Amino acid sequence: MTETVLSVNHISKSFGGIHAVRDVSFEVSRGEVLGLIGPNGSGKSTLFNCVLGQLRPDKGDVHINGHRVANMRASHLNKLGVGRTFQQLSVFPQMSVLDNIILAGQEHHGTMASRLFGPSDAGLTEEADRMIAFFRLEHLRDEMAGSLSYGQQKLVDAAMAFMAGPSLVLLDEPAGGVNLTMLANLKERLETYNREHDTTFVVIEHNMEFVMSLCTRIIVLAEGAIIAEGTPEEIRSNQQVIDAYLGG
Amino acid sequence: MSRKHILFAAIALLLLIFVPMGQKNYIIYVLTSWLMFSIAAMGLNLTLGYAGQISLAQASFMGIGAYITALVTLAGYHWVLGWIAAMGATFVIGLLLGYPALRVQHHFLAFVTLAFNTLVFLVLRNEEWLTGGSHGLVGMPRPDFFGISTGKNLEFYYFVLVLFVISALVFSWIVHSPWGRAFKALRENPVRAESLGVDTRRITLLAFAIGSAFGGGAGAIMTPLVQFIEPGSFGLIHSLKILLMVVVGGAGFYYGPMLGAAVVILLPELLRFTEGYYLMIYAAMVIVLMVYSPGGLIGLGHKIMARVRPKKEVRKDMAKGAQL
Ligand SMILES: Nc1ncnc2c1ncn2[C@@H]1O[C@H](COP(=O)(O)OP(=O)(O)OP(=O)(O)O)[C@@H](O)[C@H]1O
Ligand SMILES: [Mg+2]
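First to last, the protein sequences are chains A and B. Residues in the first sequence are numbered from 1 upward in steps of one, following my numbering. Residues in the second sequence are numbered from 1001 upward in steps of one, following my numbering.
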């Protein structure tokens, strides 16, 4: 039997008159790479934010590794082993790349006291350097994150989501603005991570080639509701998806 | 810390030791007061410069610290007890003042802290039985340490210098620890920080509590320095003065508040020869500086250095990423 890592039950969320997410339910098992696709404004990011406690859903609940996560704070979720990125860039611009990466791991090491009285890098320089090397960012290690190009910042952002050794990672458009070579690199990194750590992924992405080749299963949202679900091949040939999103 | 920093700190310390020797009492008094305000401004630099939480209440924490120290020493206890009580109390009260910051930010937070400063001022003025009301408290002694007196002005200066060095070391330790990294993360992108496991509520409260405790520590120095305290010394205008020190020196830079305090306290003295015009000249200089360099004097220094030796800077086109 496969172990369920994430289960989303009947989540709905509206903003005034807009039904951004309508009664969405799905499950993700350990080690799966789930793609979440759909037109602009179909509610993908809103769904993410409901799952991760950044938004309070109007209805429904979410379980991660068996814990009910409704109203749980994002920092607490992160400590339960959930990593994420945001659709908008979100590095810490005035800190070096190394400091960004260390920050992403430091809250998982030691106690409040050891983070004040212990070493200033929380003993994480080596691990951070490994992560930096893993994402091939060595040459940028000591640069201020805010001075990097958009695609480089995207990679730093992704690297941060992994520092806590998460069992579940939600990525909101990781490929946006990343060039083709980098994209291949990113895909390979995610696959390696998935293979080596059995990490579960949920990935929102508009780059079809990227999603289709990375994901094992895909869910399609349109106007807030799930209109299709299946393997990449099934999705590619689904008439409803072609009409609503992929085009002819 | 690099070797360059240690060398700089060592030279600065030597200057601080030797410059006041043989100076007139008045100059020693001004220097002592500069060290004291540097400690208060250091605290605000943590809250505002590092953690990004605006506070217009730093003078009220100096006030709370000063009155606690006065009451403790007037009751016959040693100054050290007053100092510890002052820092402890301002830490706790600062923590409480941090709670509004969990809900409101920026100019709203400015108003909340401003109201708090006024509240403290009114308590100090109206609770005569405890604080002496608008007459204040007088006659607080300067402390002795193991038979060494700090009664004379130069002795007292060295006593404050020791406290200043301790404060600067503690401050340096905090901002270079993982806590310091979390404070900066809170300033730059609280939503992202929270998603990376940083307990931003706790870090916000701590930024206020620690910053306020530095204010309380500075207040504990004021009591034996001037030996007369009254509510008027801790009004809103003084909080603005401390804010000015932080901003003029360079918020978020380690040496910013010390430099800023020097400018705010020493410059009026240097401009005294211009008679009635000094405030005008001073105000005009502040305006020009803020327009040209929002990073204060240290920021200005970095700008000039960047001309000579170009450095990477944060891109303005992607400055505000971050949210959901
Ligand atoms: N905070 C908000 N307030 C009001 N409406 C919102 C808010 N957040 C999202 N919406 C609306 O909800 C709908 C879904 O938005 P969402 O960001 O989830 O789309 P998305 O699928 O991520 O789109 P994209 O592919 O462009 O990122 C949109 O119509 C949007 O206008
Ligand atoms: Mg989106």
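We put the CB at the ideal spot given by N, CA and C, even for glycine. Predicted model only: the values in this text are computed from it and were never measured.
What does residue i pair with, by DSSP beta-bridge criteria?
i                       : result
residue 1238 of chain B : None; residue 1238 of chain B has no bridge partner.
residue 4 of chain A    : A:29
residue 9 of chain A    : A:61
residue 18 of chain A   : A:15
residue 1078 of chain B : Looking at the DSSP assignment, residue 1078 of chain B forms no beta bridge with any residue, so it has no partner.
residue 36 of chain A   : A:204 and A:219
residue 228 of chain A  : A:220
residue 67 of chain A   : A:64
residue 96 of chain A   : A:144
residue 24 of chain A   : A:11
List, in order along the chain, the chain B residues whose C-beta lies closer than 8 Å to that of residue i?
i                      : result
residue 19 of chain A  : Under the 8 Å cutoff, chain B gives no residues; its nearest Cβ is about 18 Å from residue 19 of chain A.
residue 164 of chain A : 1196 and 1197
Anything in chain A within Cβ reach of residue i, meaning under 9 Å, just list it in chain order.
i                       : result
residue 1194 of chain B : 54, 73, 74, 75 and 78
For the alpha helix (DSSP H) containing residue i, list its first residue and its last residue.
i                       : result
residue 114 of chain A  : 112-117
residue 1230 of chain B : Segment: none, residue 1230 of chain B is in no alpha helix (DSSP H) and carries neither H nor E.
residue 245 of chain A  : Looking at the DSSP string, residue 245 of chain A is not in any alpha helix (DSSP H), and its letter there is neither H nor E.
residue 134 of chain A  : 125-134
residue 41 of chain A   : No alpha helix (DSSP H) holds residue 41 of chain A; DSSP gives it neither H nor E.
residue 1288 of chain B : 1278-1292
residue 238 of chain A  : Unbroken run through residue 238 of chain A: none, as it is neither H nor E.
residue 1003 of chain B : 1003-1018
residue 1302 of chain B : 1296-1308
residue 79 of chain A   : 74-79
residue 1262 of chain B : 1256-1270
Can you list the residues of chain A that residue i reaches, using a CB-CB cut of under 7 Å?
i                       : result
residue 1315 of chain B : 146 and 147
Starting from the beta carbon of residue i, find every residue of chain A whose beta carbon is closer than 8 Å, and list them in chain order.
i                       : result
residue 1200 of chain B : 75
So residue i contacts chain B; which residues on that side make the cut at Cβ distance below 9 Å?
i                     : result
residue 94 of chain A : 1184, 1187, 1188, 1252 and 1314
Taking C-beta pairs closer than 7 Å, name the residues in chain B that residue i reaches, listed in chain order.
i                      : result
residue 160 of chain A : 1196
Tell me the residue span of the beta strand (DSSP E) that contains residue i.
i                     : result
residue 84 of chain A : 82-84
Any residues in the stretch 1153-1187 of chain B with a beta carbon nearer than 9 Å to a beta carbon of chain A? Which ones, in chain order?
Taken in chain order, the members of the stretch 1153-1187 of chain B whose beta-carbon sits within less than 9 Å of a beta-carbon on chain A are 1173, 1174, 1176, 1177, 1178, 1179, 1180, 1181, 1182, 1184, 1185 and 1187.
What are the residues in the stretch 219-232 of chain A lying within 8 Å of chain B by C-beta distance?
Against chain B - using a Cβ distance shorter than 8 Å - the stretch 219-232 of chain A contributes no residues.
List in chain order: all unbroken alpha helix (DSSP H) runs of 4+ residues lying wholly within the stretch 1161-1197 of chain B.
Listed in chain order, they are 1178-1188 and 1190-1195.
To test your reading of the DSSP string, which unbroken beta strand (DSSP E) runs of 3 or more residues are found completely within the stretch 138-192 of chain A?
168-172, all fully within the stretch 138-192 of chain A.
If you measure beta-carbon to beta-carbon, which residues of the stretch 98-121 of chain A are closer than 9 Å to chain B?
Residues of the stretch 98-121 of chain A with a C-beta atom less than 9 Å from some C-beta of chain B are 99, 100, 102, 103, 104, 105, 106, 107, 108, 109, 110, 112, 114, 115, 116, 117, 118, 119, 120 and 121, listed in chain order.
In the stretch 1074-1148 of chain B, which residue ranges form an unbroken alpha helix (DSSP H) of at least 4 residues, counting only runs that do not cross its ends?
Residue ranges of uninterrupted alpha helix (DSSP H) with 4 or more members, entirely inside the stretch 1074-1148 of chain B and ordered along the chain, are 1079-1101, 1106-1126 and 1128-1131.
Contained beta strand (DSSP E) runs [length at least 3] in the stretch 1042-1079 of chain B, N- to C-terminal order:
Whole beta strand (DSSP E) segments, 3+ residues: zero.
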